[in-house]
Amino acid sequence: MEGFEPKKRKHVIDSALEKAFNLQMREQLDGEIARMFYSAGLPFNLARNPHYKNAFTYACNNNLAGYVPPGYNVIRTKLLQRERDNIEKLLEPTRGVWKEKGVTLVCDGWTDPQRRPLINFMAVTESYPMFIKAVNCEGQYKDKFFISNLIKKVIMMVGPSNIIQVITDNAPVCRAAGLLVEQAYPHIFWTPCVVHTLNLALKNICAAKNTEANEITYNECHWITMIAGDAIVIRNFIMNHSMRLSMFNDFSNLKMLAVAETRFASVIVMLRRFKKIKNALQAMVISDKWTCYREDDVGKARYVKEKLLDDLWWDEIEYIINFTDPIYEMLRVADTDKSCLHLIYEMWDSMLAKVKEIIYRHERKTLHEDSSFWDVIYVILEDRWSKSNTPLHCLAHSLNPR
């Protein structure tokens, strides 16, 4: 047994040296990877990407000595085309159900960071949505003929016999383009986006225009515009100054949202966040920090403090959130990948009933009494529904098993 001890000791020494050497190499590799992130400004979240981990694991486990990672041109040409071919194969099962289940073609316009106007086309089934293409419309006059021709080209790509409906937003030019598509393909329905319909209704309620034709609506809903305007003033007053924003962050764990006007239900989203941070806002304006802070615009600071401590102002925000909540909830349900066309009829009727009940309860009236505010809200919602209701909604409702 004594004869084996030197060998055993030598093996222990070798293992320790080997372990120390591997540790040094690991640290060097970690440093190179970290420098790649830092020098290129890559988000740290990339380290959670499974392909990032798989690439290094595969290289280490297969002992690829002398391996050189692909360069700039290879990644943007050969490997990009190879990955596209791979994605096309992965999408074959989705395409395979188009003929049996039918397809909804969805198109939507947006603007990229370079301010280029794009139109996206998606094929949606009951399983998965699938991106078809994006069209750069820069320099094009987007009339009904241009948009309808784009839709027709995508219809030919997907297959006319596979498509049941085409969904766009409710803009007049999209409506006209949808009617041209229906003329070319009588079996295809044009359906306006339910989410866009609800968003337009909320805009009519929360930002009523002061015009002669809209006088009644403006008179009944102008107070909502005033409340939203006050909230925007307060939000900008706090967010547009680093000292005030820092002061707010000391009192609140939640951020004050800068909601873009293009987002669905932007006013309601903003007011709902105001409700959540109410205590923090009030604590801020009654704190010693707010009192001691030397503000250039003393008048606006005083106005902000008065509004945030005004219980009646908060009561009106609460009322706006309450009576728009059924509309907002229906918008959220419709704004998902799940199929809900067959539920729209019932959801709409239920939403109207809930809104009416909340308004009448707030006004302390029975349902058989008259309410001028409810009458205006009902007209706005019904007007939007009448412009969006299609035979396909009715058919889906009638075929829904109960």
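Counting in full-length UniProt numbering, the sequence shown runs from 1 upward without gaps. We put the beta carbon where it would ideally sit given N, CA and C, even for glycine. Predicted, not measured: the structure shown is a model, and the values here were computed from it.
Query                                                                                                                      : Result
Under 8 Å between C-beta atoms of Ile327 and Met351                                                                        : yes
Asp335 in three-state terms, based on DSSP                                                                                 : coil
CA-to-CA distance, Leu312 to Ala231, given in whole angstroms                                                              : 14 Å
Buried or exposed (CB count within 10 angstroms, at least 16 for buried), Met157                                           : exposed
C-alpha gap between Lys209 and Thr197, whole angstroms                                                                     : 18 Å
Simplified DSSP state of Ala59, which is helix, strand or coil                                                             : helix
Supposed close pair Ala201, Ile344 - CB separation, criterion 8 Å                                                          : The Cβ separation is near 14 Å, so there is no contact.
Per DSSP, the bridge partner or partners of Val124                                                                         : Thr104 and Pro129
Validate contact between the segment 136 to 149 and the segment 165 to 176 using beta carbons, cut 8 Å, 3 pairs            : yes
N- and C-terminal bounds of the beta strand (DSSP E) containing residue 422                                                : Only positions 1 to 402 of the chain appear in the structure, and residue 422 is not among them; the question remains open.
Residues that DSSP places opposite Pro43 in a beta bridge                                                                  : Beta-bridge pairing links Pro43 to no other residue.
Rounded straight-line distance, which links the Cα of Ala334 to that of Glu369                                             : 32 Å
Residues near Lys305 in its chain [Cβ-Cβ closer than 6 Å; skip 5 each side]                                                : Val285
Helix, strand or coil at Ala396 [DSSP, three-state]                                                                        : helix
Continuous beta strand (DSSP E) stretch holding Thr77: start and end                                                       : From DSSP, Thr77 is part of no beta strand (DSSP E); its letter is neither H nor E.
Stretch pair the segment 374 to 392 + the segment 216 to 227: three plus CB contacts closer than 8 Å                       : yes
Where Val68 falls: helix, strand or coil (DSSP)                                                                            : coil
Reduced DSSP secondary structure (H/G/I, E/B, other) of Arg84                                                              : helix
For Ala208, the three-state DSSP class (helix, strand or coil)                                                             : coil
Alpha-carbon to alpha-carbon, Glu346 and Leu399                                                                            : 13 Å
Whole-number beta carbon distance between Ser127 and Val106, since they are thought to touch under 8 Å                     : Rounded, the Cβ-Cβ distance is 15 Å, inconsistent with contact.
Below-8 Å beta-carbon distance, Glu32 vs any chain D residue                                                               : Absent from the structure is chain D; it holds one protein chain and no more.
Cut-off 6 Å between Cβ atoms - residues of its own chain near Leu308, not counting five sequence neighbours on either side : Leu281, Gln282 and Val285
Coil, strand or helix - Leu367 by DSSP                                                                                     : coil
Between the CA atoms of Pro70 and His342 - distance to the nearest angstrom                                                : 50 Å
Residue 403 in three-state terms, based on DSSP                                                                            : Nothing in the structure corresponds to residue 403, since the chain is present only between 1 and 402.
Proximity below 8 Å, CB of Leu245 to CB of Ile277                                                                          : no
As assigned by DSSP and simplified to three states, the class of Ala177                                                    : helix
Per DSSP, the bridge partner or partners of Asn136                                                                         : Leu118
For Thr291, the three-state DSSP class (helix, strand or coil)                                                             : helix
Under the three-state DSSP convention, the category Gly109 falls into                                                      : strand
Alpha helix (DSSP H) segments (min. 4 residues) lying fully within the segment 305 to 359                                  : 311 to 334
Which residues DSSP lists as bridging His190, in chain order                                                               : Correcting the residue type first, residue 190 is Trp in the shown sequence and not His. In DSSP, Trp190 forms a bridge with Val166.
Of the residues Met270, Val195, Phe323 and Pro160, the one placed nearest Pro186, counting alpha carbons only              : Pro160
Same chain only: Cβ atoms within 8 Å of Met270, ignoring 5 sequence neighbours per side                                    : Ala228, Ala231, Ile232, Arg235, Leu257 and Val259
Rounded separation between His51 and Thr57 - CA only                                                                       : 10 Å
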